[in-house]
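Taking my numbering as reference, the numbering of the sequence shown is continuous, increasing by one, and the terminal residue is 238. Quick reminder that beta carbons are idealized off the backbone N, C-alpha and C, glycines included. Here the structure is a predicted model, which means the values were calculated and not measured. Comments concern the structure below.
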Amino acid sequence: MMRGHLLDRRGGMSGLTGFTLVELLVAMALLSLLMLGMASALRSMAQTEERVDSRLAQTDEFRVATGFLGTVLGQVSVRKTTALLKEGESPYLFVGRPDEMAWLGIMPARHGVGGRTFFRLRLEPIEGVGALVISFLPWDGTSVFPDWSKAQSRVLVHGATSLTLAYEDARRPVPEWVPVWRSLDGLPERVRIDLTTQSGAWPMWIVPMRFLPASQGNRSRFSSGPED
């Protein structure tokens, strides 16, 4: 009768043996290293995916922001303001400062009601974080800027930390970029926008300003007016 042992071919006893404690510890250490390597690889893949998603989101945000600004700055009114001007201020319905720009232009119908609209571009805090915001309000027929607290707003870029605007004065003998628009003779040819976000500096972009023809008439907010 067998009692837990096996006979080898020579009739001797062959005991059943297992791993020693040292061998178990070595195997567990190797397994731990393998699991650590796999976890590190998975974490790196997840971080890479997050960076790719973030870069794609930034690229899409840049495309939308530049596209929208290119559209609304592509139809700018040259109507003059009736507000009392301080010395050095532009007589047009246009404000150009290093950190803010306001103008009268055309809102494309696909972005809202459409027609002539007051616009303002600047940085604003949104839920405690800076953002590049464009505010807009339908033109009411006046030649002064509106109460911006009544305007609608749209965030163009989230997480913006700094904004620097400059305006090209092409009427000088040598075209020059100026930080504040004070010309009495017209509006800038182009606007330069330098924007920095929490993720770093955006590519500088330059937006041409195209002016509404004066021949469209002055019948409603959907026309440009003879002074435009």
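{"Check": "Could you tell me the distance, in whole angstroms, from the CA atom of Ser-7 to the CA atom of Glu-134?", "Outcome": "Outside the displayed range of the chain (11 to 238) lies residue 7, so it cannot be described from this structure."}
{"Check": "Under DSSP, the beta strand (DSSP E) around Ala-119 begins and ends at which residues?", "Outcome": "Segment: none, Ala-119 is in no beta strand (DSSP E) and carries neither H nor E."}
{"Check": "Suppose the cutoff is 6 Å on Cβ atoms and the five residues either side in sequence are ignored; what does the same chain contact list for Val-217 look like?", "Outcome": "Leu-79, Gly-80, Leu-83, Val-201"}
{"Check": "Measuring CA to CA, which of Arg-73, Pro-156, Leu-43 is closest to Met-214?", "Outcome": "Arg-73"}
{"Check": "Note down, one range per segment and in chain order, each beta strand (DSSP E) of at least 3 residues found wholly within the segment 74 to 136.", "Outcome": "104 to 106, 110 to 117, 125 to 136"}
{"Check": "Take every Cβ of the segment 179 to 186, pair it with every Cβ of the segment 148 to 164, and state whether three or more of those distances are shorter than 8 Å.", "Outcome": "no"}
{"Check": "Just how far apart, CA to CA, sit Leu-205 and Glu-110?", "Outcome": "12 Å"}
{"Check": "Have a look at Met-45, Glu-97, Tyr-177 and flag the residue whose alpha-carbon is nearest the alpha-carbon of Val-190.", "Outcome": "Tyr-177"}
{"Check": "What does DSSP give as the partner residue(s) for Pro-218 in the beta ladder?", "Outcome": "Arg-200"}
{"Check": "Over what stretch of residues does the beta strand (DSSP E) that includes Gln-162 continue unbroken?", "Outcome": "162 to 168"}
{"Check": "Please report the distance separating the alpha-carbon of Pro-185 from that of Pro-223.", "Outcome": "23 Å"}
{"Check": "Please work out which residues of its chain come closer than 8 Å, Cβ to Cβ, to Val-86, disregarding the five sequence neighbours upstream and downstream, and give them in chain order.", "Outcome": "Phe-104, Trp-113, Leu-114, Gly-115, Leu-197, Met-219, Arg-220, Phe-221, Leu-222"}
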